[in-house]
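Below: one structure, written as C-alpha cells.
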Amino acid sequence: MRKERVVVGLDVGTTKVVALVGNVADGMIEIIGMGKAESHGLEKGVVVDIGRTISSIRKAVEEAENMADVKIDSVYVGIAGKHINSINNSGTVSINRPDRIITEEDITRVVETAQAIQLPPASEMIHVIPRQYIVDGQDGITDPVGMTGTRLEVDVHIVTGAITAVHNLVRCVESLDIGIKQIVLEPIASSLAVLSSAEKELGVILLDIGGGTTDISVFRGGDIWFSKVIPIAGEHITNDITVGLQTPIEEAELIKKQAGTALVESVGEDEKIEVATIGGDEKRMVSKKKLAKIIEPRVEELLDLAMQEVEDAGYRDLVPAGLVLTGGTSLLDGIAEFAQQRYGIPVRRGKIPQGIHGLRDIVESPIYATSIGLLRYAVETKDFSKRRYERKKASLINKLFSWFNRFFRG
Ligand SMILES: Nc1ncnc2c1ncn2[C@@H]1O[C@H](COP(=O)(O)OP(=O)(O)OP(=O)(O)O)[C@@H](O)[C@H]1O
Ligand SMILES: [Mg+2]
Numbered sequence: 566m567r568k569e570r571v572v573v574g575l576d577v578g579t580t581k582v583v584a585l586v587g588n589v590a591d592g593m594i595e596i597i598g599m600g601k602a603e604s605h606g607l608e609k610g611v612v613v614d615i616g617r618t619i620s621s622i623r624k625a626v627e628e629a630e631n632m633a634d635v636k637i638d639s640v641y642v643g644i645a646g647k648h649i650n651s652i653n654n655s656g657t658v659s660i661n662r663p664d665r666i667i668t669e670e671d672i673t674r675v676v677e678t679a680q681a682i683q684l685p686p687a688s689e690m691i692h693v694i695p696r697q698y699i700v701d702g703q704d705g706i707t708d709p710v711g712m713t714g715t716r717l718e719v720d721v722h723i724v725t726g727a728i729t730a731v732h733n734l735v736r737c738v739e740s741l742d743i744g745i746k747q748i749v750l751e752p753i754a755s756s757l758a759v760l761s762s763a764e765k766e767l768g769v770i771l772l773d774i775g776g777g778t779t780d781i782s783v784f785r786g787g788d789i790w791f792s793k794v795i796p797i798a799g800e801h802i803t804n805d806i807t808v809g810l811q812t813p814i815e816e817a818e819l820i821k822k823q824a825g826t827a828l829v830e831s832v833g834e835d836e837k838i839e840v841a842t843i844g845g846d847e848k849r850m851v852s853k854k855k856l857a858k859i860i861e862p863r864v865e866e867l868l869d870l871a872m873q874e875v876e877d878a879g880y881r882d883l884v885p886a887g888l889v890l891t892g893g894t895s896l897l898d899g900i901a902e903f904a905q906q907r908y909g910i911p912v913r914r915g916k917i918p919q920g921i922h923g924l925r926d927i928v929e930s931p932i933y934a935t936s937i938g939l940l941r942y943a944v945e946t947k948d949f950s951k952r953r954y955e956r957k958k959a960s961l962i963n964k965l966f967s968w969f970n971r972f973f974r975g
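Sequential numbering of the sequence shown, starting at 566, is according to our numbering.
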C-alpha cells in the first residue's frame with residue numbers, strides 16, 4: 566500500500582512568507598498547495614514585529630490550506646539572520662558489550678558526546694547533523710547500526726542561533742495554533758532544493774541571495790561543512806537605487822527587476838529608462854548605465870563578503886563544482902556572469918531537481934528554493950538537535966492569544 570503523508574514548509578522571509586504543502590509518497594514530493602503573503606515584520610531575516618509577522622504567516626497559511634484542502638497544524642519553519650553560527654565537532658564512544666554490535670543507543674550516545682561544545686552566549690542549538698561515522702578507524706560510514714566495532718566516532722555539523730530570535734519565530738507560529746516539527750536553517754533548506762548530489766560530493770558553494778539576507782552553505786564529500794548568514798541582499802540594492810536615482814522605493818524595486826544589471830559593461834551608452842521622481846508626477850530619463858553603475862558595486866560587495874566568509878572558513882579552494890545562486894536576487898540580470906568573471910569559478914543559477922511534482926510553474930522560481938528545501942528536509946534529513954518543537958497541547962492562555970490573533974489582527 567502506498568503510504569502518503571502531508572508535510573508543510575513555512576519560509577518566513579524578509580520580503581515574503583510562503584507556506585508550501587507537499588504530499589509525500591515513496592520519497593517523492595507532490596506540491597498540492599501554496600500560499601504567499603508580503604512580509605513586513607522582519608528585518609534582515611529576523612522577526613522584529615511579532616504582530617505583523619503573525620498576520621503574514623496567517624495569510625500564507627490560510628491560502629495554502631484552501632488550495633490544498635487540508636488543515637495545517639504543523640510546519641517545518643526556516644530560520645536565518647546573522648545571529649546564526651555553525652561549527653564542526655566530533656565525538657567518540659567505546660562499544661563495551663560482548664557482541665560489539667552497534668545499536669541506535671550507541672548512535673544517540675556518540676552524537677551526544679559530539680554536542681559537548683561551548684555555545685556562543687545566549688544561543689541554543691538548532692541543528693546537530695551527523696556528517697559521517699567512523700567505526701574502528703574506518704570512515705565514510707553513513708549508518709553504522711548493526712556493524713561490529715569497539716570504537717565509534719561521529720563528525721557533526723552544529724548550527725546555533727540566538728535564543729531570542731528563535732523564540733520570537735516560534736512564538737509567531739505557535740500563536741496561530743500551529744506546531745513546529747523542526748526549525749531549519751534556511752541555507753540548509755535551500756541547498757536541499759537546488760544542489761545535485763554530484764555537486765555536493767565534489768564540493769560546492771550555495772548562495773541564497775534573498776531580500777534581507779544572503780545565506781551561504783558549503784558542501785564537500787556529500788556533506789555540509791559550513792553554513793552562515795550575512796545581512797545584505799536585494800533590499801540593499803533597491804535602497805541604493807532609491808538614493809542614487811532619487812526615486813521612491815517601489816519604483817526602485819521595479820526598475821531593478823526590469824532594467825537592472827550587475828554588469829556595467831553589458832549596457833550601451835545610449836540606453837535610457839524612464840524613472841519617476843520622489844513626490845512628483847513627472848518622469849525623467851536616466852541612462853541604464855547609471856543604474857548599472859549603482860547596482861554593480863553593491864553586488865560586488867555582497868558577493869565579496871560571502872566569498873570572504875568561505876575563504877575565512879578555509880573552503881575557498883575546495884569547491885571544484887563552483888558557485889550555485891538561488892533566492893530572488895539570483896534573478897538579477899548579469900549576476901551569474903559577474904560572479905564567474907570575478908572569481909574564475911563555474912557559476913550557475915539553481916534549478917529545482919528531480920523528485921518534486923505539481924505546481925511546477927510556480928515552484929520553479931528561485932524565490933521558492935527555501936520552501937521546497939523545507940519539504941525535502943522533512944522527508945530526508947536525520948537531525949539530532951535536542952530541542953524538538955513537537956506540538957504541545959495549547960494552554961488556555963495560548964488558545965486565547967491565538968483566538969485573539971485569528972479574529973482581531975489584520
Ligand atoms: N528579476 C529580479 N531581478 C532582481 N532582483 C529580483 C528579481 N526578482 C526578485 N528580486 C529580488 O529578490 C528579493 C526577494 O528574494 P526572496 O524572495 O528570495 O527573499 P526573501 O526570502 O523574502 O528574503 P530573505 O531570504 O532575505 O529573508 C527582493 O529583494 C527582490 O527585489
Ligand atoms: Mg529567503
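Using N, Cα and C, we set each Cβ at its ideal position, and we do this for glycine too.
Within the region 689-736, the runs of beta strand (DSSP E) at least 3 residues long that lie entirely inside it are, in chain order, 703-706 and 716-727. Distance from the CA of Val-783 to the CA of Gly-845, rounded to the nearest whole angstrom, comes to 47 angstroms. Here DSSP, grouped into helix, strand and coil, assigns Leu-896 to helix. DSSP, read as helix, strand or coil, puts Asp-882 in coil. Ligand 2 has a heavy atom closer than 7 angstroms to the beta-carbon of Asp-773. Collapsing the DSSP output to three states places Leu-772 in a strand. For a cut-off of 8 angstroms, the C-beta gap from His-922 to Ile-596 is around 7 angstroms, short enough to register as a contact.
Going by beta carbons, Asn-650 and Thr-729 fall outside the 8 angstroms limit. Boundaries of the beta strand (DSSP E) harbouring Tyr-641: 639-644, taken from the DSSP string. When Cβ pairs closer than 8 angstroms are counted between the two stretches, the region 641-650 is seen not to touch the region 694-705, the count staying below three. Following the DSSP letters along the chain, one finds Lys-581 inside the beta strand (DSSP E) bounded by residues 581-590. Ser-621 and Asp-704 have their C-alpha atoms roughly 46 angstroms apart. For Leu-856, the enclosing alpha helix (DSSP H) has its first and last residue at 853-877.
Between the region 659-669 and the region 701-717, the count of C-beta pairs closer than 8 angstroms reaches three or more; the two stretches touch. In this structure, ligand 2 has no non-hydrogen atom nearer than 7 angstroms to the beta-carbon of Glu-800. When the five nearest sequence neighbours on each side are left out, the beta carbons in the same chain lying within less than 7 angstroms of the beta carbon of Glu-689 are those of Thr-725, Gly-726, Ile-728, Val-731 and Arg-952, in order along the chain. Checking the DSSP bridge columns, you'll see Lys-916 has no partner listed.
The criterion of a C-beta distance shorter than 8 angstroms is satisfied by Pro-931 and Gly-892. The alpha carbon of Gly-592 has as its nearest neighbour, out of Gly-920, Leu-684 and Val-572, the alpha carbon of Gly-920. A straight line joining the alpha-carbon of Glu-627 with that of Ser-895 spans about 28 angstroms.
Per DSSP, Asp-576 is one residue of the beta strand (DSSP E) stretching across 569-577. The count of Cβ pairs closer than 8 angstroms, one atom from the region 567-578 and one from the region 757-773, stays below three, leaving the stretches out of contact. Counting every other CB atom within 10 Å of its CB across the protein chains shown gives Ile-814 a total below 16, marking it as exposed. For Thr-935, the distance from the CB to the nearest heavy atom of ligand 1 is below 7 angstroms. In this structure, Lys-609 places its C-beta atom within 8 angstroms of the C-beta atom of Gly-777.
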